[in-house]
Amino acid sequence: MTRTLISHAQLRRGRGRVLYWTTLVVVVLGFTLVFLGPLYWMVTGALKSGQEIAQTPPTLFPRDPQPQNYVDAWTQLDLAKLLFNTFYYAAGAVLFQLVFDTAAAYALSKLRPAFGNVILGAMLATLMIPAMVLIVPQYQTVIDLPVLNISLIDSPFAIWLPMVANAFNIFLLKRFFDSIPEEIMAAAFVDGATPLRTLWSIILPMSRPILGVVSIFAVTAVWKDFLWPLLVMPHPETRTISVGIYAFAAGTPQNVVVAASVIAALPTVVIFLIFQRNIMSGLTAGSLKG
1 MTRTLISHAQ LRRGRGRVLY WTTLVVVVLG FTLVFLGPLY WMVTGALKSG QEIAQTPPTL
61 FPRDPQPQNY VDAWTQLDLA KLLFNTFYYA AGAVLFQLVF DTAAAYALSK LRPAFGNVIL
121 GAMLATLMIP AMVLIVPQYQ TVIDLPVLNI SLIDSPFAIW LPMVANAFNI FLLKRFFDSI
181 PEEIMAAAFV DGATPLRTLW SIILPMSRPI LGVVSIFAVT AVWKDFLWPL LVMPHPETRT
241 ISVGIYAFAA GTPQNVVVAA SVIAALPTVV IFLIFQRNIM SGLTAGSLKG
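Numbering (UniProt numbering), first residue to last: 1 to 290.
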């Protein structure tokens, strides 16, 4: 029987049932307001006039909704170009992470090289370093790539290459690969499959949930990042959506900027709503049933 803070006998009583459902409704509504409140303000603020969105106290509903703000945001800020750039960088980040992070996790989990645990420990140790601390050495590397002595400024590789070094995704993939029985690997080797063929034909088809999670993490990381693209993509033609909105915000009405923010946030919200089950199944997948 499941043990809870409130016993089943108390929940069946009138007062206990009322107290339980009251607390549950209050907590759920409170968290709903906390998470959806900023989204609601953003969507409704994009429909307000410039004077209404700047007034204090703010209005709960737009007095005179102006959908034209979205059209102005799309044309004035050239959102089509910014969205294309961001999609392009996100797609490259997904490709690089799926190739290199999967290979690293497969090697650490199944091939077990010498000092594999030491390498994994060093990777996980990087998660303890604040991201801001790495900005300066990463930027110095990008402006003068070692050995090649070339600059990656305004190059998509300036975003793709740092995204590959993702210790969390490697650890996530390794944990999933660890749950795959060794008997499957042994059977593949007996049949003459090489480690690469085993990865391609057996491991990857079984790892679709976790690969989907890693892909979504890569997309959202590129989409929401601001400081790094601001540093390495200074040219207007190479900016991401977040940097582009920031660059045009100074000379653009606030309601139009808010409308642009709604358009920028919409793709990631849609992706999450479509793939939320895949995200949860990928994160909770840790064993195989025979």
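Note that beta-carbon positions come from the ideal geometry of N, C-alpha and C, so glycine has one too.
What residue range is occupied by the uninterrupted alpha helix (DSSP H) comprising residue i?
| i | result |
| --- | --- |
| F157 | F157 to V164 |
| R239 | R239 -> no alpha helix (DSSP H), and no H or E assigned at all. |
| D178 | A167 to D178 |
| T198 | P195 to T198 |
| A187 | E182 to V190 |
Mapping DSSP to helix, strand and coil, what is residue i?
| i | result |
| --- | --- |
| K110 | helix |
| D225 | coil |
| Q55 | coil |
| N149 | coil |
| P209 | helix |
| L273 | helix |
| G37 | helix |
| S201 | helix |
| S261 | helix |
| S215 | helix |
| L231 | helix |
Go ahead and label residue i buried or exposed: buried means 16 or more other beta carbons lie within 10 angstroms of its beta carbon, across all protein chains shown.
| i | result |
| --- | --- |
| S151 | exposed |
| P229 | buried |
| M132 | exposed |
| W200 | exposed |
| residue 294 | Outside the modelled stretch of the chain, which goes from 1 to 290, sits residue 294, for which no answer is possible. |
| A218 | buried |
| F189 | exposed |
| F61 | exposed |
| W21 | exposed |
| Q66 | buried |
| N69 | buried |
| L211 | buried |
| A56 | For the sequence presented, residue 56 should be read as Thr rather than Ala. Answer is exposed; the Cβ neighbour count stays below 16. |
| L161 | buried |
Throw me the rounded Cβ distance for the residue i and residue j pair, which I believe falls under 8 Å.
| i | j | result |
| --- | --- | --- |
| A104 | V222 | Rounded, the Cβ-Cβ distance is 20 Å, inconsistent with contact. |
| I129 | V232 | Incorrect: roughly 19 Å between the Cβ atoms, too far for contact. |
| A46 | V243 | The Cβ separation is near 20 Å, so there is no contact. |
| D101 | N166 | 6 Å |
| Y88 | P156 | 7 Å |
| L108 | L120 | 6 Å |
Item to check | Completely contained alpha helix (DSSP H) runs for the segment 53-138, where each covers 4 or more residues | outcome: 68-76, 79-96, 102-106 and 116-125
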